[in-house]
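S.K.:
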Amino acid sequence: MEIMNQCNEPSLIIIIHIIKKILFYIQMLVPILLIIWGSIGFIKLVKSPEEKNGTKKIINKFLAAVVVFMIPVIVNATMYLVGEKTKISNCWNSAESKIMMPTYIPTKKEKEKKKIIKNPDSYEIGTASTGLETAKLALRVVPTATPEKSLHTPKSNEENGAWCKTKDERLYNYFKIMDETIGKYPSHDNNNHSRKQGINNNNAYASCAQAVAGIVRATVDPDFESGSPDLELDYLKQNEEKWNLVARLKAGERYDSICQPGDVIFLEKFSNHVMIYIGNELVREKFPNSNGDMYEASYSEDRYPTITHHEIVYGTYARIYRATGEGKFYYPFIDIEKTLSNPVDLNKQMC
-13 MEIMNQCNEP
-3 SLIIIIHIIK
7 KILFYIQMLV
17 PILLIIWGSI
27 GFIKLVKSPE
37 EKNGTKKIIN
47 KFLAAVVVFM
57 IPVIVNATMY
67 LVGEKTKISN
77 CWNSAESKIM
87 MPTYIPTKKE
97 KEKKKIIKNP
107 DSYEIGTAST
117 GLETAKLALR
127 VVPTATPEKS
137 LHTPKSNEEN
147 GAWCKTKDER
157 LYNYFKIMDE
167 TIGKYPSHDN
177 NNHSRKQGIN
187 NNNAYASCAQ
197 AVAGIVRATV
207 DPDFESGSPD
217 LELDYLKQNE
227 EKWNLVARLK
237 AGERYDSICQ
247 PGDVIFLEKF
257 SNHVMIYIGN
267 ELVREKFPNS
277 NGDMYEASYS
287 EDRYPTITHH
297 EIVYGTYARI
307 YRATGEGKFY
317 YPFIDIEKTL
327 SNPVDLNKQM
337 C
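In this text, residue positions in the sequence shown follow our numbering: the first is -13, and each later residue adds one.
#1: Secondary structure at Glu282, three-state DSSP: helix, strand or coil?
#2: Where Leu222 and Val52 are concerned, what is the direct C-alpha to C-alpha distance, given to the nearest angstrom?
#3: In terms of alpha-carbon separation, which member of Pro17, Ile44 and Leu20 lies closest to Lys30?
#4: Helix, strand or coil: how does DSSP classify Ala192 here?
#5: For a test of the three-state rule: what should DSSP assign to Ala121, helix, strand or coil?
#6: Between the C-alpha atoms of Ala192 and Glu119, what's the straight-line distance to the nearest angstrom?
#7: Below 8 Å between beta carbons: does that hold for Leu231 and Tyr300?
#8: Name the one or two DSSP bridge partners that Leu253 has.
#9: What whole-angstrom Cβ distance do Ser212 and Ala199 have, given they're in contact under 8 Å?
#10: Just grab the DSSP bridge partners of Ile293 for me.
#11: Which residues in the same chain as Val330 place their Cβ atom closer than 7 Å to its Cβ, once the five residues preceding and following it in sequence are excluded?
#12: With DSSP as the reference, please indicate the residues paired to Arg234 in a beta bridge.
#13: Provide the residue span of the alpha helix (DSSP H) that contains Thr325, from first to last.
#14: Got a sec, what are the start and stop residues for the alpha helix (DSSP H) Ile163 sits in?
#15: Are the CB atoms of Glu218 and Ala195 within a distance shorter than 8 Å?
#16: Indicate the three-state DSSP secondary structure (helix, strand or coil) for Phe48 in the structure shown.
#17: Could you pull out every residue in the same chain whose Cβ sits closer than 8 Å to the Cβ of Ala121, ignoring the five residues on either side in sequence?
#18: When the Cα atoms are used, what is the spatial distance from Pro208 to Gln224?
#19: Name, in chain order, the residues that DSSP records as bridge partners for Trp229.
#20: Rounded to the nearest angstrom, what separates Thr294 and His259 at their Cα positions?
#21: Distance check for Ile2 and Thr41, CA to CA, integer angstroms please.
#22: Run through DSSP, which three-state label would Ile264 get?
#23: Tell me the DSSP secondary structure of Ile298 in three-state form.
#24: In whole angstroms, what separates the C-alpha of Lys162 from that of Leu15?
#25: What residues are listed by DSSP as bridge partners for His138?
#26: Candidates Tyr317, Thr292 and Lys236: which alpha carbon is nearest Arg126's?
#27: Determine the closest residue to Ala197 out of Ala283, Glu271 and Val54, with distance taken between C-alpha atoms.
#28: Kindly give me the distance between the Cβ atoms of Ala114 and Val206, rounded to whole angstroms, as I take these residues to be in contact under 8 Å.
#29: Measuring CB to CB, does Phe48 end up less than 8 Å from Gln13?
#30: Could you give the distance in angstroms between the alpha-carbon of Lys135 and the alpha-carbon of Lys314?
#31: Is Arg234 near Tyr303, with beta carbons less than 8 Å apart?
#32: Excluding five sequence neighbours on each side, which residues of the same chain lie with their C-beta closer than 8 Å to the C-beta of Arg308?
#33: Span of the alpha helix (DSSP H) holding Asp242?
#34: Mapping DSSP to helix, strand and coil, what is Val206?
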């Protein structure tokens, strides 16, 4: 973690970005210059075929261009082979080249979607809780924790069975929070993908994105996106006044040295997955025998929220976001105690 923290120094990141950008332009410009030089050389050779050194000059320019073009390739290959053995190679390989090669360019339609409410005056100054309150609420409504078996959603039919509710009383508080935060204020996204999953109808109680969104909306950000992990990540990037990117951990690195209770974690594996960090110390207050530290659900596994044990980053990397407790919000915060004290409608809790 010491090397990683050094790599987060702004001056070092800027230097690496500049160097990578220079190498990138070298690879871009050299082939173009080679074509221009070669064309000029051939034209001169055609006009003056008696010139003895014409062909030799063209070959020399070609060889020189190849050597210059290979410099970035050699540098990148060397840094990759050295790996994390040195500070420079580690920082080189882990640094994001956002300036050089942006991986995502929003379309005109997506840029317009950033402004969810047309009239900014409709927003109100938020009175967000802390991340600790987020962690405590998640722990309060979650029914199971490792090493117990997690609760899976019943499958009564092919179309809606995966997202049916259950009569298990341990989930009632979770359903109440979700119905209040997600049911009344659906996802900002209205594309076909969300409608197909039933997300806008608040049916995806085992969705990782909605399991996180319901808790976050009740505590630190009532506007929080709920459509999918990708949409939630876009929302956080577009709302820097509400959310800080604390760190980007690589596979094998530990969460507990960086994370605080209530941090939202986006884990990249085969596809994005989102969780809330609780911390084992807090978890053991409710589940004394658990080694868990994360609150998560799973859409693909039809699994309601549970406390799981991650400890280190699996897959590729993880982005850690932390609520600032500031910003303006359009949707109001719910009264958590009033919501949890409401009676349960057993008929409503079934498919």
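Glycine residues also receive a C-beta, built at the ideal position from the N, C-alpha and C atoms. If you're wondering where the values come from, they're calculated on a predicted model, not measured in any experiment.
M.R.: Well, looking at it:
#1: Of the three classes helix, strand and coil, the one that applies to Glu282 here is strand, per DSSP.
#2: Leu222 and Val52: Cα-Cα distance of roughly 43 Å.
#3: Of the listed residues, the one whose Cα sits closest to Lys30 is Ile44.
#4: Coil, per DSSP.
#5: In the three-state reduction of the DSSP assignment, Ala121 falls in the helix class, which pools H, G and I.
#6: Our two residues, Ala192 and Glu119, have alpha carbons roughly 22 Å apart in a direct line.
#7: In this structure, Tyr300 does not lie closer than 8 Å to Leu231 by Cβ.
#8: Under the DSSP definition of a beta bridge, Leu253 partners with His259 and Ala304.
#9: Rounded, the Cβ-Cβ distance is 4 Å, consistent with contact.
#10: BP columns for Ile293 point to Ala131 and Tyr281.
#11: Excluding residues within five positions, the ones whose Cβ falls inside 7 Å are Tyr158.
#12: In the DSSP secondary-structure assignment, Arg234 is bridged to Arg305.
#13: For Thr325, the uninterrupted alpha helix (DSSP H) run begins and ends at Ile322 to Ser327, by DSSP.
#14: Tyr158 to Met164 is the extent of the alpha helix (DSSP H) around Ile163.
#15: Contact: yes.
#16: Helix at Phe48.
#17: The beta carbon of Ala121 is closer than 8 Å to those of Pro247, Gly248, Ile262, Tyr263, Ile264, Gly265, Leu268 and Tyr281 in its chain, skipping five residues each way along the sequence.
#18: Each residue's alpha carbon lies about 15 Å from the other.
#19: Beta-bridge partners assigned by DSSP to Trp229: Ala309.
#20: Rounded to the nearest angstrom, the two C-alpha atoms are 14 Å apart.
#21: Approximately 39 Å, taken between the alpha carbons.
#22: If DSSP states are grouped into helix, strand and coil, Ile264 belongs with coil.
#23: The answer is strand: DSSP assigns Ile298 an E or B state.
#24: Using only the alpha carbons, I get a separation of about 60 Å.
#25: The secondary-structure analysis by DSSP pairs His138 across a beta bridge with Arg289.
#26: If we check each option's Cα against that of Arg126, Thr292 comes out closest.
#27: A check of alpha carbon separations from Ala197 across Ala283, Glu271 and Val54 identifies Ala283 as the nearest.
#28: Right, their Cβ atoms sit about 4 Å apart.
#29: Against a cut-off of 8 Å, the Cβ pair of Gln13 and Phe48 comes out as no contact.
#30: Using only the alpha carbons, I get a separation of about 40 Å.
#31: Yes, these two residues count as a Cβ contact at 8 Å.
#32: Excluding sequence positions up to five before and after Arg308, its CB lies within less than 8 Å of the CB of Gly117, Trp229, Asn230, Val232, Gln246, Gly248, Asp249 and Val250, all in the same chain and listed in chain order.
#33: Asp242 -> no alpha helix (DSSP H), and no H or E assigned at all.
#34: When secondary structure is reduced to three states using DSSP, Val206 falls in the coil class, being assigned neither helix nor strand.
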